[in-house]
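**Student:** My numbering puts the first residue of the sequence shown at 7, with every later residue one more than the last.
Provided herewith is a single structure, encoded as structure tokens, for subsequent inquiry.
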Amino acid sequence: MFTLHQRLEGDTVEVADLRVSVVRLMRDRTLPWLILVPKREGVREVYDLSKDDRAVLMEEMTLASRVIDALYGPDKINIGALGNRVPQLHVHVIGRFETDRAWPGPVWGKDGSEPYTEDELCKAVHELKEAFKRISSGA
């Protein structure tokens, strides 16, 4: 059975449940930041996934990127699978702006993150859910 790592549970909120991954929003309002977590127990690295799951994960990363692009219009989208603190495989999909707090460097280890207010979080999750439905259906 799939269990989400407790740090991911605390740092994110669920947005969508896809074929291979659950999509979660990072609780940092300064960046459009999604995390895809394959729903496979004991998976630490991309190569731990089956060939089919790896292919689907790539499509889900593409979908998440399109959602971020459609909603936020970033200058660039960064994708990374780091697991130094959380060994469970998870993929970051982050919309980046030339004006963001870490540009042009990586977002990790940079001060300046800000939590969403409850209203902002509810609105962001709703908009993301709708965008995932719309874009995945091809509309």
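Glycine residues also receive a C-beta, built at the ideal position from the N, C-alpha and C atoms.
Within the continuous beta strand (DSSP E) that includes G82, where are the two ends?
**Tutor:** Going by the sequence as given, residue 82 is Lys instead of Gly. Here the beta strand (DSSP E) through K82 covers K82 to G86.
**Student:** The beta strand (DSSP E) that contains S27, what's its start and end?
**Tutor:** Here the beta strand (DSSP E) through S27 covers S27 to M32.
**Student:** Since I believe L42 is in contact with M67 (beta carbons under 8 Å), could you give me their beta-carbon distance rounded to a whole number of angstroms?
**Tutor:** 6 Å
**Student:** Closer than 8 Å by C-beta to R50: which residues in its own chain qualify, once you throw out the five before and the five after it? Chain order, please.
**Tutor:** Cβ within range, chain order: G89, P93, Q94 and L95.
**Student:** So the candidates are V26, D34 and Y53; which of them puts its Cα closest to the Cα of E45?
**Tutor:** A small correction: the amino acid at residue 45 is Lys; Glu does not occupy that position in the sequence shown. For K45, the nearest C-alpha among the options comes from V26.
**Student:** Run through DSSP, which three-state label would A70 get?
**Tutor:** helix
**Student:** What are the boundary residues of the alpha helix (DSSP H) that includes L134?
**Tutor:** E124 to S142
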